[in-house]
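In this note's numbering, the protein residues as written are 754 to 1200. From the three backbone atoms N, C-alpha and C, an ideal C-beta is built for every residue, glycine too. Here the structure is a predicted model, which means the values were calculated and not measured.
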Ligand code: PHE
């Protein structure tokens, strides 16, 4: 077998892992879920879960990947030979498959908006009209499926080219640019008339709005935005040289993510309240609100187009990781097989995702438990499969790996203190499994 590829630099890994983490989860999903769950309290619970569950789990996935240096399934096989633990990786592959099937729908929405903005279809509209135009566009079956396909084709193209050349290069410029545009956007949003209401909505917790479902959604959201529970981070860190500090990478990814979530919230909610829009509008929220905010900025359309390009890039770098984990297992790291499987799996995901794309139009009436096909796919991933994957990883690491090995891995290349290690170990060994189980059982009404 050929020698495994490695990241060409430390930064390459952080950028790719952060690229996987930062995406639709923080920018599109967070505002709409927070909007539906009452705002501030949701935000706070989300942050807490990110710190006590997401961060420790991210480190756990890094440790698994780097110590095994193999793909998402074989890493578990290597660490626990002769057991069934590799199913954690298989569940991750299935989760990624479903995830990309609906993620690509939203990716397609960015593509379509970008196209409309460039050809000038959005010029001179007001906030209500944006929502109408957008609603009409995504309910059109041809358009929504076509743009979903475009998004998947871009993903396939990059993944088929292989880890280093494909993923690493562009993030170094695109991510910082996205941060800067977001900051401009936030400055405009928080200075709109009536913005204070929106800021309060996001930052002032109102715990009367918290239900079991809210807690589950906040937990699912924290896993979703960090890409944990799917073994994507196992895969990425397996390409990592032994000298890299895992805690430093994990802290910076979590920090960036929380920052982007905050920026997204501060860009959206002040505008929602200022323009009398509906915070609980659902998946379309960001797409209805953003053009309105941009239209309040000089050269707004130009900035909007730039934003959409960067947003598309952020969504793509997450999508790459979803396809990458599946392709790297099936192609066994053989460069000759990679291309073929990237195409086969990518197109299969596209086909399975078509019903999700049509959920905002002709299949909108088809519901189960009051959810459309799109919502069901999202719910299954965010609130069932990611928590289950995370739970299993939290059990696997302390049970199947020696405590001393774990400490060694975390200490490599950094000055990770023993005390911090003990906190991490406690969180992963006791808090994570119990809390995840408790939240899941709570929603099932067990107590
Ligand atoms: N973290 C990604 C986002 O926020 C989604 C993702 C989840 C990617 C799980 C890979 C694995 O958009």
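Compare the beta carbon distance of residue i and residue j with 8 Å and say whether it is the shorter of the two.
i            : j            : result
residue 1185 : residue 809  : yes
residue 1139 : residue 803  : no
residue 1061 : residue 870  : yes
residue 999  : residue 943  : no
residue 864  : residue 842  : no
residue 1076 : residue 909  : yes
residue 897  : residue 861  : yes
residue 978  : residue 1147 : no
residue 1162 : residue 828  : no
residue 857  : residue 1103 : yes
residue 811  : residue 1003 : yes
residue 1252 : residue 1005 : With the chain covering 754 to 1200 only, the question about residue 1252 has no answer from this structure.
residue 988  : residue 913  : no
residue 1041 : residue 833  : no
residue 1123 : residue 983  : no
residue 935  : residue 806  : no
residue 1073 : residue 1199 : no
residue 1056 : residue 937  : yes
residue 866  : residue 1039 : no
residue 1113 : residue 891  : yes
residue 795  : residue 1037 : no
Buried or exposed: where does residue i fall if 16 or more other Cβ atoms within 10 Å of its Cβ makes it buried?
i            : result
residue 970  : buried
residue 1051 : exposed
residue 771  : buried
residue 1172 : exposed
residue 895  : exposed
residue 974  : buried
residue 1008 : exposed
residue 919  : Confidence at residue 919 is low in this model, with a pLDDT of 49, below 50, so the placement of that residue is unreliable and no value is reported for it.
residue 798  : buried
residue 997  : buried
residue 1089 : exposed
residue 781  : buried
residue 1179 : exposed
residue 1183 : exposed
residue 840  : exposed
residue 1014 : buried
residue 1152 : exposed
residue 835  : exposed
residue 823  : buried
residue 872  : exposed
residue 1097 : exposed
residue 1064 : buried
residue 927  : buried
residue 1032 : buried
residue 854  : buried
residue 1131 : buried
residue 1157 : exposed
residue 929  : exposed
residue 960  : exposed
In the DSSP output, which residue or residues are listed as bridge partners for residue i?
i            : result
residue 1125 : 1120
Please list the terminal residues of the continuous alpha helix (DSSP H) segment that includes residue i.
i            : result
residue 1093 : 1088-1110
residue 1026 : 999-1027
residue 1195 : 1185-1196
residue 1052 : Note, residue 1052: premise wrong, no alpha helix (DSSP H); not H, not E.
residue 1140 : 1139-1153
residue 881  : 880-892
residue 974  : 965-979
residue 948  : 948-956
residue 1172 : 1171-1179
residue 996  : Looking at the DSSP string, residue 996 is not in any alpha helix (DSSP H), and its letter there is neither H nor E.
residue 1157 : 1156-1164
residue 988  : 985-990
Looking at chain B, is there any beta carbon in it that lies within less than 8 Å of the beta carbon of residue i?
i           : result
residue 808 : Of the protein chains in this structure there is only one, and it is not chain B.
Which residue spans inside the segment 765-845 form an unbroken alpha helix (DSSP H) run of at least 4?
Complete alpha helix (DSSP H) runs here, min 4: 783-789, 793-802, 808-821, 827-832.
Uninterrupted beta strand (DSSP E) stretches inside the segment 1057-1085 (no shorter than 3 residues)
For the beta strand (DSSP E) assignment, the segment 1057-1085 encloses no uninterrupted run of at least 3 residues.
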